[in-house]
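Here the sequence shown is numbered in full-length UniProt numbering, starting from 1 and rising by one per residue. Idealized CB from N, CA, C, for every residue including glycine. Okay, structure first, notes after.
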Amino acid sequence: MPWVVNSADGQQSYPAPAGETLYIVVDNAALSAVRAAPDDAALILGTLAVNPYGAKLEAGHGDLKILPTGPARLHKNGSGNPPVEGFVLQAKTENRVETIIIRNQDSITSTNASGSLTFIWTPPQIQVQSSEKKDTPADNGEAIEAEDETEDDDEDLDNTVISGVSKSQVLRSTPHMSASRSEIIQETPTIDRVTDAVGLPSRPGHPELKDDDYIATAAVYSTAPQNNGVVDHLAKVEEPNDAEMKDEHGRPEAPATGNEVQKLSRHPKVQISKRPSPALEEDISSPSARTAKRRKVDQDSDNNTSTTPVQTARKTATKRKKRESFIKAKSVQAESTPPQSQRSTHSSIAGSFIDAEGDYDGPKPRVAFSNSTIQPNSTIIKFLKKSGGNVVDSVEGDCNILCIKVGPILKTPKLLRAVTRGTPIVTDKWLTDSALTGRFLPLDLYIPPGLSAVWKVPQSRLLDSYTVFFTPALKAQYKTAFTDMEKLCKAVGVRRVVSKKPGSKDLYDKDAIFLAEAEGDKDVPALLEAGHTCYTKDFLTHSIVAGEVNLASEEFRVQVEETKPAKPAKKGRGRNS
Numbered sequence: 001m002p003w004v005v006n007s008a009d010g011q012q013s014y015p016a017p018a019g020e021t022l023y024i025v026v027d028n029a030a031l032s033a034v035r036a037a038p039d040d041a042a043l044i045l046g047t048l049a050v051n052p053y054g055a056k057l058e059a060g061h062g063d064l065k066i067l068p069t070g071p072a073r074l075h076k077n078g079s080g081n082p083p084v085e086g087f088v089l090q091a092k093t094e095n096r097v098e099t100i101i102i103r104n105q106d107s108i109t110s111t112n113a114s115g116s117l118t119f120i121w122t123p124p125q126i127q128v129q130s131s132e133k134k135d136t137p138a139d140n141g142e143a144i145e146a147e148d149e150t151e152d153d154d155e156d157l158d159n160t161v162i163s164g165v166s167k168s169q170v171l172r173s174t175p176h177m178s179a180s181r182s183e184i185i186q187e188t189p190t191i192d193r194v195t196d197a198v199g200l201p202s203r204p205g206h207p208e209l210k211d212d213d214y215i216a217t218a219a220v221y222s223t224a225p226q227n228n229g230v231v232d233h234l235a236k237v238e239e240p241n242d243a244e245m246k247d248e249h250g251r252p253e254a255p256a257t258g259n260e261v262q263k264l265s266r267h268p269k270v271q272i273s274k275r276p277s278p279a280l281e282e283d284i285s286s287p288s289a290r291t292a293k294r295r296k297v298d299q300d301s302d303n304n305t306s307t308t309p310v311q312t313a314r315k316t317a318t319k320r321k322k323r324e325s326f327i328k329a330k331s332v333q334a335e336s337t338p339p340q341s342q343r344s345t346h347s348s349i350a351g352s353f354i355d356a357e358g359d360y361d362g363p364k365p366r367v368a369f370s371n372s373t374i375q376p377n378s379t380i381i382k383f384l385k386k387s388g389g390n391v392v393d394s395v396e397g398d399c400n401i402l403c404i405k406v407g408p409i410l411k412t413p414k415l416l417r418a419v420t421r422g423t424p425i426v427t428d429k430w431l432t433d434s435a436l437t438g439r440f441l442p443l444d445l446y447i448p449p450g451l452s453a454v455w456k457v458p459q460s461r462l463l464d465s466y467t468v469f470f471t472p473a474l475k476a477q478y479k480t481a482f483t484d485m486e487k488l489c490k491a492v493g494v495r496r497v498v499s500k501k502p503g504s505k506d507l508y509d510k511d512a513i514f515l516a517e518a519e520g521d522k523d524v525p526a527l528l529e530a531g532h533t534c535y536t537k538d539f540l541t542h543s544i545v546a547g548e549v550n551l552a553s554e555e556f557r558v559q560v561e562e563t564k565p566a567k568p569a570k571k572g573r574g575r576n577s
């Protein structure tokens, strides 16, 4: 699979082949990836679309933070340092949707959920048939004498470099091939090639050099790009000057004849050392790309050539400081983030839920809904009931929270009744975010715009000692809901509610508010002639939501309609006699 999504603990892995879509959701207050979209779209934090050109992450209903854990590079052989800050992918809105291209080893976290997801890119592999011959005694790790080598024997398939001259025996450990004689290799094997070796010329007055004293001049090149140049790993070989040449037992060697030099110079004996492992240049937290079998073979090879000096690559001070600061920043962030068990801890005292960090303080939620977008059988309602809350139909009784949808406030009887009672009113986002985090969040962060003045403030004495008059035409417009309006008026302290034709004595009370239809009400002219001011029905609901009564406002006043003069009848032409 080209793309694989792994969880932080490494216990879950989600393959993501090209053409498929994964949804980043919150499952039990932890990040996870699923192929099927959940019923509740609010739980989707992001959508990962895998295409042939790469993986694209689209924002969902929550903020996501993408933190590159590997070097900031597009190719695995490129150079770069890991960034110390992540990129925040903000939640989508009606006018904006953010997307980002995912790179190898990028991690995704969320402030509303614990854990993280890591995107791993697996390079494509090909399977080829091996030209390996039958097993030889060398397969068992036996020591073999270095013999005349051919040009193919000089090729280093492990990308090794020339270290020096040696005539010692070499132990070669060849892994046993499978029955099908096949193995998995990368697309292009990394190989160093060495041209013909040239012997050093002899100096006047000095003995001729033997074959072991010849030094191979290596022109090294590779068939695949590398992180560091091969020249950095070449071990420097001292050219013998005037020092006396000695054999392996410390005795002076006799000069070799010209024929021997000519014969031995064709195939110089060289010993090669392994190139420093690329894992030394990688970050400490990056996983190794080699399998356990390959690591075991490399370890055996290192033990067999323990006498060969290996040059270890060293990092510069700048890169080391950046890496240390990056690791330190990640450790500080991990220490500052409390565990999920601490963030979601609640204690029940006298029937109340109190968070250990003081996020929520109040009685067990008894939630009513008015013009809400939350479905009755959704996952959010299941979270509410599982956490000790419940759903109620009316704002009367033990209801202590009213949820409304985000947007313009619709003045329903249930909302107006909640305002008069001082019941906290929040948007649906409070319950949605609480379900995402796995705990109840504070209510005061989700107050609807326009209700802050009356939030948790009872309005039982707003129209104390007032008489409210409804014209018969306005009462007919309410139909069966007029009973609810009478209860609402009583809830805000109205002394009397009257609905009759104008002309009776109770129309002239000092503290009376006259409500009529905005247009076409036949009783408005009589009330205006008597010196009263008429208001539309929105005056009452607006006063309850605003928490004040402004009789001098002209916003909701009913104006007298101008009567247009009747057009004279057209006279017809006389008939001709």
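Asked                                                                                                                        : Found
Close-in-space but distant-in-sequence residues of the same chain around residue 527 (CB under 6 Å, 5 per side omitted)      : 502, 514 and 534
Neighbourhood of residue 57 by C-beta distance below 6 Å, restricted to the same chain and skipping five residues each side  : 46, 48, 100 and 102
Proximity winner among 547, 545 and 538, relative to residue 554 (alpha-carbon distances)                                    : 538
Pairwise C-alpha distance: residue 536 and residue 560                                                                       : 13 Å
Rounded separation between residue 117 and residue 382 - CA only                                                             : 26 Å
Residues near residue 87 by beta carbon distance below 6 Å, same chain, minus five either side                               : 66
As assigned by DSSP and simplified to three states, the class of residue 446                                                 : helix
Beta carbon of residue 108 nearer than 8 Å to that of residue 64                                                             : yes
Close-in-space but distant-in-sequence residues of the same chain around residue 231 (CB under 6 Å, 5 per side omitted)      : Only weak support is given to the placement of residue 231: the predicted model assigns it a pLDDT of 42, under 50, and the value that follows is read from those uncertain coordinates. Excluding positions up to five away in sequence, the list is empty.
Through-space distance from residue 427 to residue 361, alpha-carbon basis                                                   : 18 Å
Minimum C-alpha distance to residue 409 - residue among 370, 121, 18 and 437                                                 : 370
Cβ pair residue 50, residue 98 closer than 8 Å                                                                               : no
Delimiting residues of the beta strand (DSSP E) encompassing residue 114                                                     : 113-121
Host alpha helix (DSSP H) of residue 545 (start-end)                                                                         : 538-546
Alpha carbon of residue 472 to alpha carbon of residue 484, nearest angstrom                                                 : 16 Å
Assigned secondary structure, residue 87 (DSSP; H/G/I helix, E/B strand, else coil)                                          : strand
Length of the line joining the Cα atoms of residue 441 and residue 380                                                       : 14 Å
Residue 373 vs residue 399 beta-carbon contact at 8 Å                                                                        : no
Other residues of its chain near residue 242: CB distance less than 6 Å, five sequence neighbours each side excluded         : Because the pLDDT of residue 242 is 45, which lies under 50, any placement of that residue in the model is unreliable, and the question is left without a value.
Supposed close pair residue 33, residue 5 - CB separation, criterion 8 Å                                                     : 5 Å
Span separating the alpha-carbon of residue 397 from that of residue 39                                                      : 32 Å
N- and C-terminal bounds of the beta strand (DSSP E) containing residue 53                                                   : Neither: residue 53 is in no beta strand (DSSP E) and is coded neither H nor E.
Residues sharing a beta bridge with residue 359, DSSP                                                                        : According to DSSP, residue 359 bridges with nothing at all.
Through-space distance from residue 457 to residue 491, alpha-carbon basis                                                   : 13 Å
Neighbourhood of residue 493 by C-beta distance below 7 Å, restricted to the same chain and skipping five residues each side : 460, 461, 462, 463 and 464
Where residue 59 falls: helix, strand or coil (DSSP)                                                                         : strand
N-terminal and C-terminal residue of the alpha helix (DSSP H) that residue 65 is part of                                     : Premise fails: residue 65 lies in the beta strand (DSSP E), 64-68, not in any alpha helix (DSSP H).
Contiguous alpha helix (DSSP H) assignments of at least 4 residues, all confined to the region 355-423                       : 379-386 and 413-421
Start and end residues, beta strand (DSSP E) containing residue 514                                                          : 512-515
Other residues of its chain near residue 525: CB distance less than 8 Å, five sequence neighbours each side excluded         : 560
Inside the region 450-495 only - beta strand (DSSP E) runs reaching at least 3 residues                                      : 467-470
Residue 99: first and last residue of the uninterrupted beta strand (DSSP E) it sits in                                      : 99-102
Terminal residues of the beta strand (DSSP E) in which residue 34 lies                                                       : 30-34
Residue 454 vs residue 367 beta-carbon contact at 8 Å                                                                        : no
Buried or exposed by the 16-neighbour rule on C-beta atoms within 10 Å, applied to residue 93                                : exposed
Whole-number beta carbon distance between residue 474 and residue 431, since they are thought to touch under 8 Å             : Incorrect: roughly 36 Å between the Cβ atoms, too far for contact.
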